[in-house]
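Under the working numbering, the first residue of the sequence shown is numbered 17, with each subsequent residue one higher.
Each residue gets a CB set at the ideal place from its N, CA and C atoms; glycine is no exception.
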Amino acid sequence: MFYKSYQHIEKLGTSETEGILKGEVHLSYKIDGSNGCIYLKDNGELGFGSRKRELSITEDNMGFMASFVTDKSLYSRFEEILKKNPNFIIYGEWLVPVTIKRYGKDAWRKFYVFDVFNNEDGTYLPFNTYKEMLDEYGLLYIPEIVVLNDPSEEDIKEYLDKTGEFLITEGLGEGIVIKNYDYKNKYGRRTWAKILTEDFKKNKKELRERNHVAKNEGDIELLIVNYYLTPEHVLKEKYKIEEKYGGWSSKNIFELLNRVYDEFLKDNFELILKKYKDPTINFKLLRQYSNDFVKEIIGV
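Below is the structure:
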């Protein structure tokens, strides 16, 4: 088996998705992470890919492949599925910080399957088929919201309010993915559609504006904190301190600042060097931005 990039999900209402709402339509949550795939290589080992390329340990994507290499149980479960079904490619979302930072602290750095492609006949497995397979092995996937028959666009938009019910701690999620397993567009391509929430559009616009300001001012340290540090990282370390001392006290703030900064750098340093092409970093300023972010999250 070989690497195959995942299809682009088109906006509902474009020529690429014309007619997709005719028939049985499946709605699922769209989560905001990094696209990944797993497949069985000809040598019997698992292969890993991002949206656009095949991965290796030295050319990974935000720790996606490394997470499987270090977690033998996770690796072996996917390996067993794919050895039974060598024509399958399993696609999913590797949940790492991109735009939305409001996912639960236990949701991060996990792989949520959203499609299984059968390379033998060129079709995607229906949700209930791959759900049953993944449930057997205790693997994670993005659930369906509802199945509708011949819905209108307005019918689908009514379900946008439900996007905050999966993994999100507050507000809404990224949006909805719309699948019709019997559909090919007028160009003969099998494709899915999407609708994004206003929450996500607003968050993306705000992040783009902050990054634009940081880039114009040459502020690489602010870019790094904006991209990699999340409220969940802060709260995770705060919970550890609360467990250690049996509660929270304002005198613990300096310990929290140090823990967040240290863990943030340890988890992301290699990714930062790769993403920003071995940048020159003012670590004093980086710590300052990290501290400011922590204080903002806990209301100090």
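L239 burial status per 10 Å Cβ neighbour count (16 or more: buried): buried
How would you label S306, buried or exposed, when you count the other beta carbons within 10 angstroms and need 16 or more for buried? buried
For N51, the nearest candidate out of L212, K126, E279, K290 (CA to CA): K126
G35 beta carbon less than 9 Å from that of K202: yes
Would you list the residues sitting across from A209 in a DSSP beta bridge? E26, I194
Expressed to the nearest angstrom, what Euclidean distance is found between the alpha-carbon atoms of E190 and G262? 36 Å
I want to know whether the stretch 174-189 touches the stretch 136-144 - three or more CB-CB distances under 8 Å. no
DSSP has K46 in a bridge; who is on the other side? G191
Where P167 and I105 are concerned, what is the direct C-alpha to C-alpha distance, given to the nearest angstrom? 29 Å
Could you tell me which uninterrupted beta strand (DSSP E) segments, each at least 3 residues in length, are contained entirely in the stretch 102-143, listed from first to last along the chain? 104-110, 127-134
Reduced DSSP category for F18 - H, G, I as helix; E, B as strand; rest coil: coil
Contact set for I97: own chain, Cβ-Cβ below 7 Å, skip 5 residues either direction: M149, Y153
Cβ-based neighbour list, I313, same chain, cut-off 6 Å, excluding 5 preceding and 5 following: P247, V250
Does E34 come out as helix, strand or coil in the three-state DSSP assignment? coil
One or two residues paired with Y157 in a DSSP bridge: V129
Determine contact between the stretch 160-174 and the stretch 37-51, defined as no fewer than three beta-carbon pairs at a distance below 8 Å. yes
The beta strand (DSSP E) spanning F64 covers which residue range? 62-65
My output table needs one value for G180: the three-state DSSP class, helix, strand or coil. helix
For S66, count the other beta carbons within 10 Å of its own beta carbon; 16 or more makes it buried, fewer makes it exposed. Which is it? buried
Could you compute how far the alpha carbon of S72 sits from the alpha carbon of I54? 12 Å
In this structure, does DSSP put L16 in helix, strand or coil? Residue 16 cannot be examined here, being either before or after the span of the chain that is shown, 17 to 316.
Would you check if there are 3 or more beta carbon pairs closer than 8 Å linking the stretch 110-127 to the stretch 70-84? yes
Nearest-angstrom Cα separation, counted from L245 out to L62: 30 Å
Secondary structure, alpha helix (DSSP H): runs of 4+ residues fully inside the stretch 69-99: 80-86
Buried or exposed for S44, going by 16 or more other Cβ atoms inside 10 Å? buried
Determine the closest residue to I211 out of T33, Y22, N242, V276, with distance taken between C-alpha atoms. T33
Simplified DSSP state of N268, which is helix, strand or coil: helix
Are I158 and H42 touching if we call contact CB-CB under 9 Å? no
State the DSSP-derived secondary structure class of E186, mapped to helix, strand or coil. coil
Please report how far the alpha carbon of N135 lies from the alpha carbon of N196, in whole angstroms. 18 Å
Kindly indicate which three-state DSSP category N298 falls into: helix, strand or coil? coil
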